[in-house]
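**Student:** The sequence shown begins at 1 in my numbering and counts up one residue at a time.
Heads up, the beta-carbon is just placed ideally off N, CA and C, and yes, glycines get one too.
Let me begin by handing over the structure; questions about it come next.
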Amino acid sequence: MSEMRVVGVRVELPANQPILLLRETSGDRYLPIWIGSVEATAIALEQQGVKPARPLTHDLLKDVITALGRRLEQVRITDLQEGTFYAELVFDGGVKVSARPSDSVALALRIGVPIHAEESVLTEAGLIIPDEQEDEVEKFREFLDSISPEDFRGAQP
1 MSEMRVVGVR VELPANQPIL LLRETSGDRY LPIWIGSVEA TAIALEQQGV
51 KPARPLTHDL LKDVITALGR RLEQVRITDL QEGTFYAELV FDGGVKVSAR
101 PSDSVALALR IGVPIHAEES VLTEAGLIIP DEQEDEVEKF REFLDSISPE
151 DFRGAQP
């Protein structure tokens, strides 16, 4: 299992689909995960240090965990089946709860716990970006610094 850090989120065009990009903290692999626009906004807001006037769902969940006297210890991205990623929240006492990776990462950022990915997931979906593409990663970081939550609002059904 590898510890991951959040590089950020971006909107992939032309489909207007947000992507969460994680990178190994002690390695060269990146893990791109397609996520929903609500979760992308929640992750971007937290990364930018924006505190909404009212708690978002992930803020509420953090407060509920604290109120119940529990401690989230880590988030694990555990599986990839037919293009769908799976994750779990690992609490004190060994309690595990199945969750979507996007919600798990949004919560991990708010609580400040590590994010890990199973080796099998990284083997299947991890990408190594060659040195000549490092400029692209830097451009991605610059893009993240220039976005706002409104950029993640997709067309309403």
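Residue 111 by DSSP, collapsed to three states: which one?
**Tutor:** Three-state result, residue 111: helix.
**Student:** Answer with buried or exposed for residue 115, where buried requires no fewer than 16 other C-beta atoms within 10 angstroms of its C-beta.
**Tutor:** Classification for residue 115: buried.
**Student:** With DSSP run on the structure shown, which of helix, strand or coil describes residue 78?
**Tutor:** In this structure, residue 78 counts as strand in the three-state DSSP scheme.
**Student:** For residue 67, is the classification buried or exposed, using 16 other Cβ atoms within 10 angstroms of its Cβ as the cut-off for buried?
**Tutor:** Exposed: under 16 other Cβ atoms inside 10 Å.
**Student:** Could I get the ranges of all uninterrupted alpha helix (DSSP H) runs contained in the stretch 22–66, with 4 residues as the minimum, in chain order?
**Tutor:** Correct list: 37–47.
**Student:** Just to confirm, are residue 43 and residue 32 a CB contact at a threshold of 9 angstroms?
**Tutor:** For residue 43 and residue 32, no; Cβs fall outside 9 angstroms.
**Student:** Can you tell me whether residue 106 is buried or exposed? The criterion is at least 16 other CB atoms within 10 Å of its CB, across all chains shown.
**Tutor:** Classification of residue 106: buried, given that the 10 Å Cβ count is 16 or more.
**Student:** Spatial neighbours of residue 28 within its chain, please: CB distance less than 6 angstroms, with the 5 preceding and 5 following residues excluded, ordered by chain position.
**Tutor:** Correct list, in chain order: 128.
**Student:** Give me the Cα-Cα distance between residue 54 and residue 74, rounded to the nearest whole angstrom.
**Tutor:** About 25 angstroms.
**Student:** Using the Cβ count rule (16 or more neighbours within 10 Å means buried), how would you classify residue 50?
**Tutor:** When all chains shown are included, residue 50 counts as exposed.
**Student:** If we call anything under 9 angstroms between Cβ atoms a contact, is residue 118 one with residue 77?
**Tutor:** Yes.
**Student:** Helix or strand or just coil, what does DSSP make of residue 118?
**Tutor:** Of the three classes helix, strand and coil, the one that applies to residue 118 here is coil, per DSSP.
**Student:** Excluding sequence positions up to five away, which residues of its chain have a Cβ less than 6 angstroms from the Cβ of residue 7?
**Tutor:** Correct list, in chain order: 21 and 23.
**Student:** Kindly indicate the opening and closing residues of the beta strand (DSSP E) around residue 100.
**Tutor:** Looking at the DSSP string, residue 100 is not in any beta strand (DSSP E), and its letter there is neither H nor E.
**Student:** What does DSSP give as the partner residues of residue 9 in its beta bridges?
**Tutor:** Looking at the DSSP assignment, residue 9 forms a beta bridge with 20.
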